[in-house]
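Read through the structure below, which is laid out as structure tokens, and then see the notes.
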Amino acid sequence: PAATLLGVTFYIPILLSVLLVIPIFFIVRRVGGNLGALFAASIVVVHKSLLHRTMGGFADTDMYSILIPALAIWFLIEAYNSKTLFRNVLFSALCGVTIALFSFAWIGWWYIAYIILITILLILGYTILVHRGELRQFNKANCIKFLKLDVIIKPLLILGVLIVTVVLLVPIFSTPRDLQ
């Protein structure tokens with residue numbers, strides 16, 4: 561009740577920079593453990609470029625351009641590392657929702673969408689390259705066995721859910737000007 565629009569916009573960049581720590585921590589934690597994640601999150605919070613752009617009262621969209629792709633990449637990593645089908649679908653859908661929200665915040669949202677798409681396709685290509693020996697003995701039984709491999713199904717599932725989510729939600733969140 562006592563908060564004004566000007567007062568709230570003063571604190572939004574600070575809040576977004578604090579929220580950025582969460583996906584950065586969990587992304588780096590997958591690779592570098594807890595200590596590496598702590599260092600990465602600390603560096604992001606005190607980085608000169610981010611501190612300059614997230615000062616109180618500097619209500620610009622720069623933090624959206626960092627926070628939302630970081631969330632999308634975190635959800636993609638979680639989807640790929642999940643052990644259950646439900647979590648694969650959930651995190652893939654969250655990644656798609658995040659990309660769709662990014663289309664509302666920035667007209668160049670498709671950069672992160674293409675980066676994620678290319679990453680998934682590279683994972684699929686690498687997997688097929690690694691299992692090429694099984695593909696050489698190509699027959700119907702081998703093909704079905706190959707497609708049942710978790711390393712093939714998971715990226716295909718993530719890709720499918722991500723594409724469906726983005727295709728359904730981007731027109732809802734984007735303005736008509738962005739979709740032309």
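Position in the sequence shown (first residue = 1) + 560 = the numbering used here. Even for Gly, the Cβ is constructed at its ideal location relative to N, Cα and C.
Close-in-space but distant-in-sequence residues of the same chain around residue i (CB under 7 Å, 5 per side omitted)
{"i": "Y657", "result": "For the record, residue 657 in the displayed sequence is Val; it is not Tyr. Counting only Cβ-Cβ distances below 7 Å, and skipping sequence neighbours, we find T725 and L729."}
{"i": "F733", "result": "A660, L661, S663 and F664"}
{"i": "A653", "result": "V721 and T725"}
C-beta atoms of residue i and residue j nearer than 8 Å
{"i": "E638", "j": "F651", "result": "yes"}
{"i": "T679", "j": "V711", "result": "no"}
{"i": "R590", "j": "N648", "result": "no"}
{"i": "W634", "j": "I587", "result": "yes"}
Cβ shell of residue i (< 6 Å), same chain only, five flanking positions each side left out
{"i": "F585", "result": "A597 and A601"}
{"i": "K643", "result": "none"}
{"i": "L595", "result": "none"}
N- and C-terminal bounds of the alpha helix (DSSP H) containing residue i
{"i": "I572", "result": "L565 to V606"}
{"i": "G720", "result": "D710 to F733"}
{"i": "I667", "result": "Careful: I667 lies outside any alpha helix (DSSP H) and carries neither H nor E."}
{"i": "S625", "result": "Y624 to N641"}
Proximity test, residue i beta-carbon vs the ligand NAD heavy atom, cut-off 7 Å
{"i": "G593", "result": "Among the components of this structure there are no ligands whatsoever, and the ligand NAD is therefore not found."}
For residue j and residue i, believed in contact at Cβ under 8 Å, the rounded distance
{"i": "L580", "j": "V606", "result": "Incorrect: roughly 12 Å between the Cβ atoms, too far for contact."}
{"i": "L716", "j": "I676", "result": "Actually they are not in contact, since the Cβ atoms of L716 and I676 sit about 14 Å apart, beyond 8 Å."}
{"i": "T735", "j": "W666", "result": "So it is not a contact: roughly 12 Å between Cβ atoms."}
{"i": "A630", "j": "P573", "result": "The pair is not a contact, with the Cβ atoms about 15 Å apart (cut-off 8 Å)."}
8 Å CB neighbourhood of residue i in its chain, flanking five on each side removed
{"i": "L576", "result": "T614, M623, Y624 and L627"}
{"i": "A632", "result": "C655, T658, I659, F662, I672 and I676"}
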